[in-house]
Structure formats: C-alpha cells, structure tokens
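Inspection log for the structure reproduced underneath, given as structure tokens.
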Amino acid sequence: METIMAYVVGALFAAAIYMMLRRSIVKLVIGLIMLTNAANLLFFVVSGMTRGAPPLIPEGALAPDGPVADPLPQALILTAIVIAFGVLAFAVVLIHRAYEVVGTDDLDQMKDTDT
Amino acid sequence: MRLEIFLPILIPLLAGTLSLALWRSRTAQRWLGVIGTGAMFASALWLLRSTIEEGHVVVDVGGWTAPFGITLVVDLLAAIMVVMTGFMSFMVAIYSLATISEGHERFGYYPLMHLLIAGVAGGFMTGDVFNLFVWFEILLLASFAMLTLGGERAQMEGAIKYVTLNLFASTLFLAAVGLTYGMLGTLNMADIADKVGQLEDTGMITVLAMMYMVAFGIKAAAFPLFFWLPASYHTPPVAVSALFAALLTKIGVYALFRVFTLIFNHDPEFTHGLILWGGALGMITGVLGAAAQFEFRRILAFHSVSQIGYMIAALGIMTPLALIGGIFYVVHHMIVKSALFLVSGVTYRFLGSHELKDLGGVYRQRPGVAVLFLIQALALAGIPPLFGFVAKFAVIRAGIEAGEYAVAGIGLFVGLLTLYSMIKIWAEVFWKKIPEHVEENDRFTGRQADPELWMLYLPLGILAVATVTLGLMAQPFYELVEMAVEQLLEPERYIEAVLGRDQ
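In structure tokens form, the structure reads like this:
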C-alpha cells in the first residue's frame, strides 16, 4: 500500500508543478491546490499507514495492545488542511481580483513589477 | 506559568482581536496600534532580561512535557529577535498613524499588522517544527492581505508572485516536516537534534537538510530563490514595505540559523558550503540588480537581497565571530532597511513620486530628512562609525580568518557597490535641483503646514539614534550577542534545556 501511495504522491507533485508552470493564473492556483494535497498525503504516507487499529487504550490498561495507528500525523494533517484551505481561498480571491484589475489571466502579461 | 514568554504573542493577538471588535472606530484602532506594539516591545524586553539571567527560558504549552507537547523555547538569539520585532513594529506603528490612508485603515490594516507581529514573535519562540510551520502560515496570511490592501494593479501582480512562491515554500516545508516525523518520530527541535546526533547514516538527513534549506531560503529571499522579493516589496504603502523589510525575510534567516546550528550540523562541508556560496552570490546579484534600478523603493528591495546574502554567508562560515557578525547584520538590517523605506515615504509625501527622475531638491528644502537618510545609507554601505560598519567588519573578518578569501573579497566589493547605489539616491533625490517638470508644492517648501509630519520624523529620528549609538557603543551589545552565539554553537545546552528538566 505504501508503495502505491508513494507513486500517487510523486504523480501529484509532478502534476502540481506542471500546472504551476503554465501561464494561466487559474492553472497556477489549481497547481497550488494539488501541491498542498500532495504534501499532506506525503505526510500521511511517511508517518506509517496502519490499517484497522485505532489508537484506543482498553479499559484499565495504561497502553494500547499491540501496534496501533499513530494519531498525531492525522491531527497535524488536519491542521495543515485547514491552513491550506484558508490560504487557497485567499489565492482564489486574489487571482479573481487580479484578473479584474489587470484584465488578463496570462502571467506573461503581469511583468510590470519585475524589471 | 512563565508570563513573559507568552506575552509577546498574546499582546499582539489581543490587540488585533480588540481592533477587530472596534472595527468601526478608526481612532480606537490607531491608538491600539501604537499601544499594542509598544506593550509588545516592553514585554519583549522583559523576556530578554529573563533570558540573560537564565540562559534558556522554556515552557511546555498546556503542560504536555517535551517532546510530546508544543514547547516554546527562548534562547538569547530568539529573545534579541523578539525585542527587535517589538521595536520595529512600534516604530512602524507610529509612522502608520500619519501615512496609512483612511481606506486602508477601514479595511483592517491594524488587525492585520497585529496578526503579522504575533506570527513573527511566535515563529521566533517556538521549539517545534510543525508549530513553526503554523506560525509561518499565520504571518504569511497576514502579509498576503497587507500586501494586497488597496488593490492596485502593481500590488496584484506583485502579490501573485509573492503568494505563489511563499505558498510553494510553505508546502515544501510541510513536506520536510512530514519526512522528519516519518524518519525520527518527533517534531520537537531539541529531540530532533538529539536523534540526528545519534544516527550513523546521515545521507537521508542531508536530503532533509536540503528541503529545509530551500524552504527557508525562499522565505529569507536567499540566492537563487529571492525573485518574489523585488517583484512585490515596492508595491504596498511604505509603512507596509518597512514592516515587511524588518520582519519577513528575517524570520526566514532566523529559521536557517536555528536549524543549521541546532539540527543539521553533521556535514558542514556540504550544507554550510552551499549556504556560504548562496550568500556570496546573493550579495552580488542583489547589488547589481539595485544598480540597474531608478525607483527609490526598488533599489531598496534589491539591496535587501544583497544584505540577506551577508547574513547567510555568515551562517555558512559558521565560526563564532561569523555568527556574531551574522546576528549583528540581522539587527542592523532590520533598523536600516526599514528606516530607508520610511525615508522614501517622507519624500513621497513631499513630491508625490518614487521615481528618482521625479524627485530632487530635498536637501535644500528639508536638510533634516537628508541627514536622516544619509546616516542610514552610510550605515548600509558600512561606513564607520555606524552600526553597519561593525556588522560588516565582523562578517568579513570572520571570512578572512576562516580562509574564505573569495567570499570576504566579494563582501568588500559589494560594500563599494552599495555605496554607489546609496550615493545615486543621494545625488538624485537630495542633492540635485528639483526637476523642471515637477512643481514645488507648498507642502514641500513648508508654506503649507503639515501637522502630522512629526509622526514621520519621530520614528526616523529614533532609528537614526539607534544606528549611531549601536555603532559607537557596540561593545555591550557585542557581549550580549557573543553569549547568544555561544548558546548556538553548543546545541547540547539547548537540548538539555528542553529535554533534561526535572524528570
């Protein structure tokens, strides 16, 4: 399972970077969305995927029986997802506003501030 | 409960929340801006005093002992940075009173400023990598909104680049945090450092180090990852530019200093060698970029890249003197670059432009402003006896002592080019006659009174005094920074302070 997920993460990263290299700002944001998902999934995969073993401690015991899934990465990813959601919501509003102000969605025409 | 470690985060958060609650009252928000940042500065000084007395101030948030809970760790470097954050934001808050337009204030300038400061302070104090990521996001989100407030075309274009590259860096940082957790099973910096120190095979650790280096390198605007900075820093109102110049890149530099002294010190030949050359090339690229610019704020933005190069090169050299120089440089740059941005705001107020060709005659009409500019500009170029000289001298001397003659030579040469850029601004804005196509308006000549002008001069004056006094009396500050560097170079003390408490 980890192997398959590793490929999925790799494919997501590749697709995200491809999208970010496109000229359209909409595709840029799609790339950013995929990038954050790829990072979250990577976090999930590398910290170990344990199936069917919730981290519950039996009544009376001080530690769970046998190996259980690690709850910490899930909590962290949840935090990261929420953060990414907020930031991406901002990015979507930003490109909409930029499209209104500049009048194009082509990144190559947004070079006023560069040189 | 150690109150002083929480206050620098809580005060700006509280002030920001109160400002939001008082959304309709501009007056209240303006007062809160000054009082909140002032109180944050005072609490930071308290924290610095405790840190000098105790070495490391450590608090486990929520009572979960390290390495399981989130730990706030303040050593001297962090405390110095928090004090500088408080100082600079206090100065900018005063300046904002007179320069931020009513529209900006109505759309939440002050709440965002407080949020940004809280994020920066939290980032300096945290001892947990995931928590660092969260603080980064908090300050980024605040900075995104501050950068785009006003919604002009240049701001939108700059913001797209700024947002994209910084989001990319954050995502890379998150991926690196995930890999760290997967490899070592911990996120507490002290615990990570402890575990990395026990590993035999450090190949994968170097991979991890590179991910952190790129992620923080983008945030610090290090070479070759700085392109978002000159594209965006000159677009918002100058008070925002000054705040960004003081705080945003510095937290990236601080994070680099932290992880590459505490955690990734296993293979300095490779990692610190890369950092060293990134710094050296950054110095040149930034200063050459600045030489080609003819807009006040763009010149300053490119110089930021060059100055960040010095700080990073100091980290790359990694001797005690180099690190002292690096920290000096961070402090120096926070003061000087913000002050220069603030001066550009003053000349804009007089003449209504940032283009060098539309400016002129400031020395004749306002010699005081010219002096305030000259002090900071010469400090930036490293002219004695100003503070910039001390910082540059320490970095370059450390480079020569470590045998890095090429980097030291580049540092000296770049100092010369910096002087060239500053003299260009001096000659164009202050020295030459006012251009014929620009009319001398009454505000400029002083015929029309400008009752708010003291709010611009006051922070500039204080910053000029800071540059001069730190330069003339560098010794006490040197001793403080020397203690901070001793802590940095002995990571065992940090690990001991976090993990080895009364168990």
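So the sequences go chain by chain: S and A.
Start counting the first sequence at 12; every next residue gets the next number (the working numbering).
Start counting the second sequence at 55; every next residue gets the next number (the working numbering).
Cβ coordinates follow ideal geometry from the N, Cα and C atoms, glycine included.
Just so you know, these numbers come straight off a predicted model, no measurement behind them.
Kindly give me the distance between the Cβ atoms of residue i and residue j, rounded to whole angstroms, as I take these residues to be in contact under 8 Å.
| i | j | result |
| --- | --- | --- |
| A:Leu99 | A:Val127 | No, A:Leu99 and A:Val127 are not in contact; Cβ-Cβ is about 19 Å, not under 8 Å. |
| A:Pro374 | A:Leu543 | 6 Å |
| A:Ile59 | A:Gly90 | The pair is not a contact, with the Cβ atoms about 18 Å apart (cut-off 8 Å). |
| A:Lys215 | A:Ser286 | 6 Å |
| A:Pro290 | A:Met200 | 7 Å |
| A:Val88 | A:Ile148 | 6 Å |
| A:Ile272 | A:Ile317 | Not a contact, Cβ separation roughly 19 Å. |
| A:Ile371 | A:Ala448 | 11 Å between Cβ atoms; not a contact. |
| A:Phe270 | A:Ala309 | 4 Å |
| A:Val292 | A:Gly399 | 3 Å |
Can you tell me whether DSSP reads residue i as helix, strand or coil?
| i | result |
| --- | --- |
| A:Leu253 | coil |
| A:Asn495 | coil |
| A:Thr260 | helix |
| S:Asp123 | coil |
| A:Glu482 | helix |
| A:Gln557 | With a pLDDT of only 46 at A:Gln557, under the threshold of 50, the placement of this residue in the model should not be trusted; the figure read from the coordinates follows. It is coil, neither helix nor strand. |
| A:Glu58 | helix |
| A:Ser360 | helix |
| A:Leu126 | strand |
| A:Asp182 | strand |
| S:Ser35 | strand |
| S:Asp117 | strand |
| S:Val79 | coil |
So that I know if they touch, is there some Cβ in chain S lying closer than 9 Å to that of residue i?
| i | result |
| --- | --- |
| A:Ser224 | yes |
| A:Gln557 | Because the pLDDT at A:Gln557 is just 46, under 50, the model does not fix this residue reliably, and the value given afterwards should be weighed accordingly. For A:Gln557, the answer is no, since every Cβ of chain S falls outside 9 Å of its Cβ. |
| A:Met237 | yes |
| A:Glu409 | no |
| A:Arg160 | no |
| A:Glu206 | yes |
| A:Gly232 | yes |
| A:Leu195 | yes |
| A:Leu186 | no |
| A:Phe280 | no |
| A:Leu302 | no |
| A:Leu221 | yes |
| A:Ile214 | yes |
| A:Leu74 | no |
Would a check of beta-carbon distances place residue i closer than 9 Å to chain A?
| i | result |
| --- | --- |
| S:Arg34 | no |
| S:Asp123 | yes |
| S:Arg108 | yes |
| S:Pro84 | yes |
| S:Pro78 | no |
| S:Phe101 | yes |
| S:Met16 | no |
| S:Pro61 | According to the sequence displayed, residue 61 of chain S carries Thr and not Pro. Output row for S:Thr61: interface = no. |
| S:Gly97 | yes |
| S:Ile23 | Sequence check: residue 23 of chain S is Leu here, not Ile. Taking Cβ atoms only, chain A never reaches closer than 9 Å to S:Leu23, which makes this a no. |
| S:Leu89 | no |
| S:Leu73 | no |
| S:Ile41 | no |
Using the beta-carbon count (16 or more within 10 Å), is residue i buried or exposed?
| i | result |
| --- | --- |
| A:Phe122 | exposed |
| A:Tyr459 | exposed |
| S:Ala72 | exposed |
| A:His491 | exposed |
| A:Tyr474 | exposed |
| A:Val519 | exposed |
| A:Met365 | buried |
| S:Val104 | exposed |
| A:Trp118 | exposed |
| A:Leu253 | exposed |
| A:Leu67 | buried |
| A:Ser79 | exposed |
| A:Glu455 | exposed |
| A:Gly465 | buried |
Between the Cα of residue i and the Cα atoms of the options, which residue gives the shortest distance?
| i | options | result |
| --- | --- | --- |
| A:Gln361 | A:Leu195, A:Met388 and A:Gln347 | A:Met388 |
| S:Ala86 | A:Tyr235, A:Gly177 and A:Met135 | A:Tyr235 |
| S:Ile15 | S:Ala72, S:Leu53, S:Arg33 and S:Val37 | S:Leu53 |
| A:Gly363 | A:Met264, A:Gly406, A:Leu316 and A:Lys304 | A:Lys304 |
| A:Thr225 | S:Met121, S:Asp119, S:Ile88 and S:Ile106 | S:Ile88 |
| A:Phe184 | A:Leu228, A:Tyr163 and A:Thr202 | A:Leu228 |
| A:Gly336 | A:Val468, A:Leu405 and A:Gly212 | A:Val468 |
| A:Thr521 | A:Gln83, A:Leu170, A:Tyr308 and A:Phe427 | A:Phe427 |
| A:Ala462 | A:Ile259, A:Lys446, A:Thr472 and A:Ile477 | A:Lys446 |
| S:Gly21 | S:Met45, S:Ala64, S:Val79 and S:Leu118 | S:Met45 |
When every heavy atom of the ligand NAP is checked, does at least one fall within less than 8 Å of the C-beta of residue i?
| i | result |
| --- | --- |
| A:Leu354 | With respect to the ligand NAP, the structure shown offers nothing to examine, as it has no ligands at all. |
For residue i and chain D, any beta-carbon pair shorter than 9 Å?
| i | result |
| --- | --- |
| A:Phe198 | Looking at the structure shown, chain D is missing, and the protein chains on hand are S and A. |
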